[in-house]
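Student: Structure below; questions to follow.
Numbering (my numbering), first residue to last: 9 to 306.
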């Protein structure tokens with residue numbers, strides 16, 4: 009698949025995610041309405057919450073993430089080297105606009121990209137990454153992050169995270185509504201009871217299913233960004249060596265990352281653990297050794 013086909017695929021995936029997002033919101037809203045005895049109330053409540061949540065996340069999500077990670081905008085002359093690398097690779101990648109550059113004051117080795125499109129994107133790296141990687145390794149990491157931007161991965165992952173977050177919010181509301189709602193509405197007839205039981209099952213399982221889908225998409229996008237970044241620099245060894253140093257780095261990014269933002273980083277920001285089938289299933293990133301092996305085989 010070419011870069012243009014990949015971009016088109018991600019845009020289609022974004023539209024599909026938005027469509028699924030509203031269908032799911034309507035579906036959960038109907039269950040809330042059944043619990044309260046007024047389907048229009050539940051539907052209206054879910055749509056209002058969904059639209060507000062979506063608009064805030066879409067237009068304000070990037071700034072919120074930068075605030076959560078305590079990132080500060082990189083300025084010259086202190087970060088001239090980093091800014092020059094981002095500008096040079098952005099030009100080589102053919103981006104319509106150079107992303108803003110941010111820095112996290114932390115000794116851990118990590119980086120991420122965020123934004124809704126290439127015109128509203130940002131690249132963030134830790135000071136540990138700047139201090140411990142050489143230029144070729146830094147270029148490999150930046151190329152990886154710029155690939156996320158060019159391929160519109162940042163939009164796909166942001167919308168996926170929004171969907172999972174809203175699913176958790178509405179599912180929790182359904183469970184609380186069932187527990188504290190009026191009993192006469194819950195037991196009015198057998199059909200409503202069956203409907204509610206199905207809704208409860210979905211409310212319990214959908215956050216887990218949604219999270220697993222988000223993690224699977226995240227892992228796939230990391231492999232693609234590795235390959236795209238290596239193609240951009242024409243030097244896969246640079247990114248492979250960077251990932252090797254990141255793997256060996258003992259410092260987790262505990263003060264600047266959480267489960268909501270972990271999937272954005274080039275490598276898991278938490279303490280590295282030995283790989284296993286169960287850990288891989290719930291991991292935000294593919295096994296780093298597998299990523300290195302693929303890069304070395306290019």
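Just so you know, even glycine gets a beta-carbon here, dropped at the ideal spot from N, CA and C. Values in this document were obtained by computation on a predicted structure and should not be read as measured data.
If you run the structure through DSSP and keep just helix, strand and coil, what is residue 130?
Tutor: Three-state DSSP puts residue 130 in a strand.
Student: Below 8 Å between beta carbons: does that hold for residue 109 and residue 135?
Tutor: No; because the gap between Cβ atoms is not below 8 Å, this pair is not in contact.
Student: Assign residue 66 to one of three DSSP states: helix, strand, or coil.
Tutor: DSSP places residue 66 in helix when its eight states are reduced to three.
Student: Measuring straight from C-alpha to C-alpha, what distance separates residue 151 and residue 38?
Tutor: So the alpha carbons of these two residues sit roughly 45 Å apart.
Student: Determine the DSSP secondary structure at residue 245, reduced to helix, strand or coil.
Tutor: If DSSP states are grouped into helix, strand and coil, residue 245 belongs with the helices.
Student: Buried or exposed, going by whether 16 or more other CB atoms sit within 10 Å of the CB of residue 304?
Tutor: Looking at its Cβ environment, which holds fewer than 16 other Cβ atoms inside 10 Å, residue 304 is exposed.
Student: Quick one: using the 10 Å Cβ neighbour count with 16 as the cut-off for buried, is residue 153 buried or exposed?
Tutor: It is buried - the Cβ of residue 153 has at least 16 other Cβ atoms within 10 Å.
Student: Less than 8 Å between the C-beta atoms of residue 33 and residue 54, yes or no?
Tutor: Result yes, Cβ atoms of residue 33 and residue 54 sit closer than 8 Å.
Student: Is residue 269 helix, strand or coil by DSSP?
Tutor: Coil, per DSSP.
Student: For the beta strand (DSSP E) holding residue 274, just list the boundary residues, first then last.
Tutor: Careful: residue 274 lies outside any beta strand (DSSP E) and carries neither H nor E.
Student: Quick one: Cα of residue 24 to Cα of residue 86, how far?
Tutor: In a straight line, the C-alpha of residue 24 is about 42 Å away from that of residue 86.
Student: Note down the Cα distance separating residue 80 from residue 165, rounded to an integer number of angstroms.
Tutor: If you take the alpha carbons of residue 80 and residue 165, they lie about 22 Å apart.
Student: Using 8 Å as the threshold, is the stretch 227-242 in touch with the stretch 85-101, meaning 3 or more CB pairs across them?
Tutor: Output reads yes: the stretch 85-101 touches the stretch 227-242.
Student: Of the choices 120, 50 and 68, whose alpha-carbon is the least far from that of residue 273?
Tutor: It is 120 whose Cα lies nearest to the Cα of residue 273.
Student: At a cut of 8 Å, does the stretch 257-268 reach the stretch 155-165 through at least three beta carbon pairs?
Tutor: Contact fails: fewer than three Cβ-Cβ distances are below 8 Å.
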